[in-house]
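Q: Residue numbers (our numbering): -6 to 716. Where a beta carbon is used, it is the ideal one built from N, C-alpha and C, also for glycine. Shown below is the structure under consideration.
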């Protein structure tokens, strides 16, 4: 090997490498061994069909895909290979030449090479001129030539293992293992085609039964290599079954040389439509070859998966805007019939739910399927957002709406949030208004309004408010509307107090016979309504203010107020005295003000109601004082109790008041309420001005005695007057 390192027009510097110089003697004695080693032809394929005549140096290749041989040689200077054709006809390039790497590049001084010559499977011409493989020693030490001929023996046509154009592409195919051309059904507007490449010295022709239902073009060819295109006219039939056709491939020059292949016609529709992983309420029914019915409750986050079988994954050519295709991206191999799946999820924020079809198009050209959707809209859901006044209410458990009656210049309102996929619409009862009658959005806040010019003493039936799904008004919720009376109701902390309401006031009457109202100085009244109240003393009738004071006891925001009515230090000799009006203002100005017209019960002495006992009204203050102060304070129309009256009130039979012995008594509950444990002054004196007689009660109201203590002592006392 000569390697030039430097060069100019006058001098050349080179390194000379002697590959096979083994002796190490002087270079002047070196003589290189130029020339090729013996060429070895081997690896003939197909075995027994591709042959090599070693004497003539001719390889005869079988006209089959994969026909090939190898040629191996070596040289110390390297080998150059050239492939030419007889007549230098490069257009007929029916052979391929490639160098094959060898495991051991050198043996001693020799550089080994290996070449492979293969029948070019892409060659479609009719001419197969003799090929000439020339292997040359690069040092000019010689060359070897291998001649290559095609086997011109007439034989049965052969189909190349790789098909040509197919439509539908990727589905129709030539299967060399099965020796079968597969054609799938297409719709009537299309044609299913498949092309095979046939090689046959002497030409070829195609024959099959007249009723096969297919055509081929051309029907025959004189050429060694020929493309044949089979066609199956499209059809929309849904009842096809698989059909197998035997096709004869014959040598045009000798029809006895023949080979059979098969053409299979395959139905091509979307099969085995099923639903999986569906949310509750979703179902698939009425499945035919081209249609099905899908029932879907229109509810947030509902989803389902549809699966079907086909040669290639179908495409979705139509889908409702309210369904999102959330199918994960996947890849599939063809042409095998496999299961494709599509997962859909309901879009809560869809602009509408009008579309009702999912259309799957057969990507391989066959019939598709239309899934018709039966939507099941839902009744709207209702949630209260706010009320004005706050006493208004919506009760979800009973679906009832309470609107208070307000003064005529005000609206009583409630804002309801309506959630309804498919929109919502209101059907309002008489007297009820709304800011908007319907909405096509999934959620809308409706302001429900009510206005009146009068007040009722009790709640009034306001009819039924229907909230309907705009897309299906049979799906609805009924809300019972009540017009709540704005006039307060009243309760007292004592039994025996009655209230009779009118539009502007309430008559409050204290019973004269209820023992709970005897001996009291005050009582409380509770207002309950849509607002709280405050006492308006300045507007209260002066006659009422002369007898009682009113103080607020408690107030619960927006609902109840309690007032204490306390008698002033007055005496009212009559029963059921009308004190006239106590005025109260509503804290919410939209509610009516109110007043209480009061009637007292039993007579009142010094701010305390009296007891009724043995046809007498008795004032028993349950306090102790000296006889003189008691005697001097008897109010007009009343008298200081005598011993005879004490005996009557206590049930004593002993008339001798000087008998101070103790006697048993049996008091009832009223007597125990009137009397005290202790001494009770009478008006009757004893022993001049120093003492006065008493009725003494002891031992838990079980015994009594008469007495006459000094008047300076403090004891209990009664005032009385007959009915």
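What separation, rounded to the nearest whole angstrom, lies between the Cα atoms of residue 93 and residue 55?
A: Start at 1 with the first residue of the chain shown, and residue 93 comes out as number 100. Start at 1 with the first residue of the chain shown, and residue 55 comes out as number 62. Whole-angstrom Cα-Cα distance: 21 Å.
Q: Applying the 10 Å Cβ sphere with the 16-neighbour rule, what's the burial state of residue 608?
A: Position 615 of the chain shown holds residue 608. Label assigned to residue 608: exposed.
Q: By Cβ distance, which residues of its chain are closer than 6 Å to residue 161, with the 5 residues on each side in sequence left out?
A: As a first step, residue 161 is located in the chain shown; it is residue number 168 there, counting from the start. Taken in chain order, the residues that qualify are 357 and 358.
Q: Once the 5 residues before and after residue 279 are set aside, which same chain residues still bring their CB inside 8 Å of it?
A: By 1-based counting over the chain shown, the position of residue 279 is 286. So the qualifying residues of the chain are 285 and 286.
Q: Using DSSP with H/G/I as helix, E/B as strand and the rest coil, what is residue 695?
A: The residue you call residue 695 lines up with position 702 of the chain shown. Coil at residue 695, not helix or strand.
Q: Suppose contacts are defined by Cβ-Cβ distances below 8 Å. Is residue 418 in contact with residue 474 by that definition?
A: On the chain shown, position 425 is the one that residue 418 refers to. On the chain shown, position 481 is the one that residue 474 refers to. Not a contact, by the Cβ cut-off of 8 Å.
Q: What residues are listed by DSSP as bridge partners for residue 232?
A: Your numbering for residue 232 matches position 239 in the chain shown. Bridge partners of residue 232: none, in fact.
Q: For the alpha helix (DSSP H) that residue 392 lies in, which residues bound it at each end?
A: Here the question's residue 392 lines up with position 399 in the chain shown. Note, residue 392: premise wrong, no alpha helix (DSSP H); not H, not E.
Q: Just to confirm my understanding: we take residue 336, look at its own chain, exclude 5 residues before and 5 after, and list those with CB closer than 6 Å. What are they?
A: On the chain shown, position 343 is the one that residue 336 refers to. So the qualifying residues of the chain are 298, 319 and 320.
Q: What three-state label does DSSP hand residue 622 in the structure shown?
A: Taking the chain shown and counting its residues from 1, the one referred to as residue 622 is at position 629. Of the three classes helix, strand and coil, the one that applies to residue 622 here is helix, per DSSP.
Q: Determine the extent of the alpha helix (DSSP H) in which residue 667 is found, giving its start and end residues.
A: Residue mapping note: residue 667 aligns to position 674 of the chain shown, counting from 1. Run containing residue 667: 662 to 667, per the alpha helix (DSSP H) assignment.
Q: So what's residue 128 in DSSP terms, helix, strand or just coil?
A: Looking up residue 128 in the chain shown gives position 135. Reduced to three states, the DSSP call for residue 128 is strand.
Q: Assuming residue 64 and residue 95 form a contact by the criterion Cβ under 8 Å, report the distance between their Cβ atoms to the nearest whole angstrom.
A: For the purposes of this step, residue 64 is identified with residue 71 of the chain shown, where counting begins at 1. For the purposes of this step, residue 95 is identified with residue 102 of the chain shown, where counting begins at 1. Their Cβ separation, rounded to whole angstroms, is 12 Å, which puts residue 64 and residue 95 out of contact at 8 Å.
Q: Between residue 188 and the ligand HEM, is there a pair consisting of the residue's CB and a ligand heavy atom that are separated by less than 7 Å?
A: Absent from the structure shown: the ligand HEM. Ligands present: none.
Q: In angstroms, rounded to a whole number, what distance separates the CA positions of residue 542 and residue 557?
A: In the chain shown, residue 542 corresponds to position 549, counting from 1. In the chain shown, residue 557 corresponds to position 564, counting from 1. Computed Cα separation, rounded: 8 Å.
Q: Relative to the C-alpha of residue 205, which candidate in 192, 643, 416 and 241 has its C-alpha closest?
A: By one-based count along the chain shown, residue 205 stands at place 212. With distances taken between Cα atoms, residue 205 lies closest to 241.
Q: Could you give the distance in angstroms between the alpha-carbon of residue 271 and the alpha-carbon of residue 381?
A: Along the chain shown, read from residue 1 onward, the residue named residue 271 stands at position 278. Along the chain shown, read from residue 1 onward, the residue named residue 381 stands at position 388. Cα-Cα distance, rounded: 44 Å.
Q: To the nearest whole angstrom, what separates the beta carbons of residue 459 and residue 469, a pair I think is in contact under 8 Å?
A: Here residue 459 refers to the residue found at position 466 of the chain shown. Here residue 469 refers to the residue found at position 476 of the chain shown. Indeed they touch by this definition, with Cβ atoms about 5 Å apart.
Q: Does the distance from the C-beta atom of residue 231 to that of residue 118 stay below 8 Å?
A: Working through the chain shown from its first residue, we reach residue 231 at position 238. Working through the chain shown from its first residue, we reach residue 118 at position 125. Going by C-beta atoms, residue 231 is not nearer than 8 Å to residue 118.
Q: Can you name the residues that DSSP bridges to residue 91?
A: One-based indexing of the chain shown puts residue 91 at position 98. DSSP output for residue 91 lists 109 as bridge partner(s).
Q: Taking Cβ to Cβ, would you say residue 59 is nearer than 8 Å to residue 88?
A: Working through the chain shown from its first residue, we reach residue 59 at position 66. Working through the chain shown from its first residue, we reach residue 88 at position 95. Taking 8 Å as the Cβ cut-off, residue 59 and residue 88 do not qualify as a contacting pair.
Q: Inspect the beta-carbon positions of residue 414 and residue 350 and report whether they are closer than 8 Å.
A: Here residue 414 refers to the residue found at position 421 when the chain shown is read from its first residue. Here residue 350 refers to the residue found at position 357 when the chain shown is read from its first residue. It is not a contact, given that the beta carbons lie outside the stated cut-off.
Q: So, under 8 Å CB-CB, residue 179 and residue 159 are touching, yes? Tell me the CB distance rounded to an integer number of Å.
A: As a first step, residue 179 is located in the chain shown; it is residue number 186 there, counting from the start. As a first step, residue 159 is located in the chain shown; it is residue number 166 there, counting from the start. Contact flag wrong, Cβ pair sits at about 12 Å.
Q: Taking the DSSP output, what are the residues bridged to residue 610?
A: In the chain shown, the residue the question calls residue 610 occupies position 617. Beta-bridge pairing links residue 610 to 605 and 714.
Q: Is residue 631 near residue 598, with beta carbons less than 8 Å apart?
A: For the purposes of this step, residue 631 is taken as the residue at position 638 of the chain shown. For the purposes of this step, residue 598 is taken as the residue at position 605 of the chain shown. Yes, the Cβ-Cβ distance between residue 631 and residue 598 is below 8 Å.
Q: Sorted by chain position, which residues of the same chain lie with C-beta nearer than 7 Å to residue 580's C-beta, five sequence neighbours on each side aside?
A: By 1-based counting over the chain shown, the position of residue 580 is 587. So the list reads 524, 525, 526 and 527, once near-sequence residues are dropped.
Q: To which residues of the same chain is residue 443 closer than 6 Å at the C-beta, ignoring the five residues directly before and after it?
A: Start at 1 with the first residue of the chain shown, and residue 443 comes out as number 450. 396, 405 and 425.
Q: Restricting to Cα atoms, I'd like to know which of 322, 544 and 147 is closest to residue 194.
A: For the purposes of this step, residue 194 is taken as residue 201 along the chain shown, with counting starting at 1. Comparing Cα-Cα distances from residue 194 to each of 322, 544 and 147, the minimum goes to 147.
Q: Drop a sphere of 10 angstroms on the beta-carbon of residue 585, count the other beta-carbons inside from all chains shown, and report buried for 16 or more, exposed for fewer.
A: To locate residue 585, count along the chain shown from 1; it is residue 592. The residue in question, residue 585, is buried, as its Cβ has 16 or more Cβ neighbours within 10 Å.
Q: For residue 513, which residues in the same chain have their Cβ closer than 6 Å to its Cβ, ignoring the five residues on either side in sequence?
A: Taking the chain shown and counting its residues from 1, the one referred to as residue 513 is at position 520. The answer, listed in chain order, is 602.
Q: Tell me, to the nearest whole angstrom, how far the beta carbon of residue 295 is from that of residue 317; I am working on the premise that it is less than 8 Å.
A: The count along the chain shown starts at 1 and reaches residue 295 at position 302. The count along the chain shown starts at 1 and reaches residue 317 at position 324. So it is not a contact: roughly 11 Å between Cβ atoms.
Q: Apart from the five residues just before and just after residue 547, which ones in its own chain have a Cβ nearer than 6 Å to its Cβ?
A: Translated into the one-based positions of the chain shown, residue 547 becomes position 554. Once the five neighbours on either side are set aside, the close Cβ partners of residue 547 are 555.
Q: Terminal residues of the continuous beta strand (DSSP E) containing residue 427?
A: Reading the chain shown from its first residue, position 434 is the one you call residue 427. Segment 425 to 427, the beta strand (DSSP E) holding residue 427.
Q: Could you spell out the range, first to last residue, of the beta strand (DSSP E) harbouring residue 536?
A: The sequence position of residue 536 within the chain shown is 543, counting from 1. Careful: residue 536 lies outside any beta strand (DSSP E), inside the alpha helix (DSSP H) at 535 to 540.
Q: Alpha carbon to alpha carbon, how far is residue 534 from residue 589?
A: As a working mapping, residue 534 is identified with position 541 in the chain shown. As a working mapping, residue 589 is identified with position 596 in the chain shown. Each residue's Cα considered, the two are about 10 Å apart.
Q: Just to confirm, are residue 264 and residue 177 a CB contact at a threshold of 8 Å?
A: Residue numbering aside, residue 264 sits at position 271 when the chain shown is read from its first letter. Residue numbering aside, residue 177 sits at position 184 when the chain shown is read from its first letter. It is not a contact, given that the beta carbons lie outside the stated cut-off.
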